[in-house]
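Novice:
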Amino acid sequence: MADDSAPPQELDCAPGSALQLLGDGVRKIMGVLVYRIALYADAEEARRTLAAWDGHPHGSLCARQDFFDQLAAGRYRKCLRLHFAWGLGAARVQSGFGEALLRRVPEASAAHARALVASVPDVPANSVLLIRFAGDGEHVEPLAGQCLNSVASHELWSAFQRIYFDEQEDLPAIKRSLVRRVPQVVFPPPHDVPAANGTAPEGRGGLADSSPRPGQAELRQRRTWRDSSGRAEGKAGYKFGDVTRTLLQKTRTGGQAPAAAAGTGGNDTRSEHQHAIADLSAQVEGLQKDREEAAQRASQERLAVLRSGALAGASTALFAASAAVEVLGPTRARPLLLLSALVAAVGLPLTRAGPRVAELAASASA
1 MADDSAPPQE LDCAPGSALQ LLGDGVRKIM GVLVYRIALY ADAEEARRTL AAWDGHPHGS
61 LCARQDFFDQ LAAGRYRKCL RLHFAWGLGA ARVQSGFGEA LLRRVPEASA AHARALVASV
121 PDVPANSVLL IRFAGDGEHV EPLAGQCLNS VASHELWSAF QRIYFDEQED LPAIKRSLVR
181 RVPQVVFPPP HDVPAANGTA PEGRGGLADS SPRPGQAELR QRRTWRDSSG RAEGKAGYKF
241 GDVTRTLLQK TRTGGQAPAA AAGTGGNDTR SEHQHAIADL SAQVEGLQKD REEAAQRASQ
301 ERLAVLRSGA LAGASTALFA ASAAVEVLGP TRARPLLLLS ALVAAVGLPL TRAGPRVAEL
361 AASASA
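Going by the working numbering, the first residue of the sequence shown is number 1, and it counts up by one from there.
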């Protein structure tokens, strides 16, 4: 079974700078975890492409298919990271991706789709497969330790992303969870996004003051998520939970904003409230996901105990039958032999069934 730890916040997916985590979700079949998927993107490039969605909380974004269309169509660097819980053969992985792709590409691009999925190898348990989308809107590359193939096709580049984001909604829960952190990562508060000239940006709700009051420039320089949330360590930029910590800081100070957040306008306050709602929603989703994973682990542990008990029962029954034959003889031991055979018939198939029985039993108990 794979390690179910959360995906990294950043992904070094060369070429270019590291990509930021926009969200993650899990793919299950019959209640059994198959892989955890995470979406990464260049936040700065995404911000320019998705500028019209600035200020929308997570729930509002999920309600708009045109947002997902623009997300998938945007020509900026993106990457899907699939962390497989179970080992799967190449044929099964290729069949899954191939079927989904061929439903979304024109016939002229079908050969490109088949060539791409044919390069995907066996995936061992606890292994990672990356699907990298270049910023040119053409090149898509699967990586498993190394680049497995590179196909230049805009139709294929778009179709692979639309497996998770188009209106067909093959995987609606994953569709929503993959954009869970977009409001915080792509559209952080103005003080966390440097202006092009390197100076602190103006508030979203008003014009910049050409002659700042004494001390205002210093406040703008100190205006970071670390300061406003009261964190004593970590990076100056946004860290998961900072919005909640900032609101708690304001509550403790009697509703007054910390110095790091001073000088913002009314629109910034509304934007911050929207970010707070999105952040709290993301934390609730995270808790729900943790609960599902805990239930999954518990079902696996129960199944392991069941299989061990079945093996012990079958072994004991066979040993008792053998001893009865030695002591009582075949004729007198016949009833005990029949009972032992019945116990073994029930117990041994369960112990020999292997991972397939484990998957079915886990899904039935989930």
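Even glycine gets a Cβ: it sits at the ideal position worked out from N, Cα and C.
Would you give the residue range spanned by the beta strand (DSSP E) that Cys79 belongs to?
Specialist: 78-84
Novice: Taking buried to mean at least 16 other C-beta atoms within 10 Å of its own C-beta, is Ser228 buried or exposed?
Specialist: buried
Novice: Determine the DSSP secondary structure at Gln20, reduced to helix, strand or coil.
Specialist: strand
Novice: Check whether the Cβ atoms of Val105 and Ala159 sit closer than 8 angstroms, and answer yes or no.
Specialist: yes
Novice: For Glu141, count neighbouring Cβ atoms within 10 angstroms of its own Cβ and tell me buried if that reaches 16, exposed if not.
Specialist: A buried status is given to Glu141, since no fewer than 16 other beta-carbon atoms sit within 10 Å of its beta-carbon.
Novice: With a CB to CB cut of under 6 angstroms and the five nearest residues on each side skipped, what residues in its chain are close to Phe187?
Specialist: The beta carbon of Phe187 is closer than 6 angstroms to those of Asp54 in its chain, skipping five residues each way along the sequence.
Novice: Given 8 angstroms as the limit, is there contact between the region 122-131 and the region 68-75, that is, 3 or more CB pairs closer than that?
Specialist: no
Novice: Give me, in chain order, the residues of the same chain whose beta-carbon lies closer than 6 angstroms to that of Arg162; leave out the 5 immediate sequence neighbours on both sides.
Specialist: Ala72, Arg104
Novice: What number of angstroms, rounded off, separates the C-alpha of Ala323 from the C-alpha of Thr316?
Specialist: 11 angstroms
Novice: What are the residues that DSSP puts in a beta bridge with Phe133?
Specialist: Lys78, Val140
Novice: Answer with buried or exposed for Phe84, where buried requires no fewer than 16 other C-beta atoms within 10 angstroms of its C-beta.
Specialist: buried
Novice: What are the complete beta strand (DSSP E) segments, minimum 3 residues, inside the region 23-58?
Specialist: DSSP runs (the beta strand (DSSP E)) wholly in the region 23-58: 32-41.
Novice: Just reading off the alpha helix (DSSP H) that Arg162 is part of, what are its end residues?
Specialist: 154-165
Novice: Could you name the residues that DSSP lists as bridge partners for Val123?
Specialist: Leu88
Novice: Based on the DSSP output, what are the partners of Val397 in its beta bridges?
Specialist: No information on residue 397 is available, as it lies outside the stretch 1 to 366 that the chain covers here.
Novice: Could you check what DSSP says for Leu11 in three-state terms: helix, strand or coil?
Specialist: If DSSP states are grouped into helix, strand and coil, Leu11 belongs with the strands.
Novice: At the level of alpha carbons, what is the spacing between Arg47 and Ala41?
Specialist: Their backbone Cα atoms lie some 10 angstroms apart in a straight line.
Novice: Along the chain, where does the alpha helix (DSSP H) containing Ser229 start, and where does it finish?
Specialist: 225-229
Novice: Pull the bridge partners of Val128 from the DSSP assignment, please.
Specialist: His83
Novice: Compare the C-alpha of Tyr164 against each of Gly230, Gly23, Leu143, Ala118 and name the closest.
Specialist: Gly23
Novice: Out of Phe133, Leu247, Ala43, Ala91, which has the shortest C-alpha to C-alpha gap to Gly185?
Specialist: Just to set this straight, residue 185 is Val in the shown sequence, not Gly. Scanning Phe133, Leu247, Ala43, Ala91 for the CA closest to the CA of Val185 turns up Ala43.
Novice: With DSSP run on the structure shown, which of helix, strand or coil describes Val179?
Specialist: coil
Novice: Starting from Leu171, follow the alpha helix (DSSP H) in both directions and report where the run begins and ends.
Specialist: First-last for Leu171: undefined, no H or E at that position.
Novice: Tell me, please, which residues DSSP counts as bridged to Cys147.
Specialist: Leu143
Novice: Assess, as a yes-or-no matter, whether the region 128-135 is touched by the region 80-99 under the definition of 3 or more beta carbon pairs within less than 8 angstroms.
Specialist: Enough Cβ pairs lie closer than 8 angstroms, so yes.
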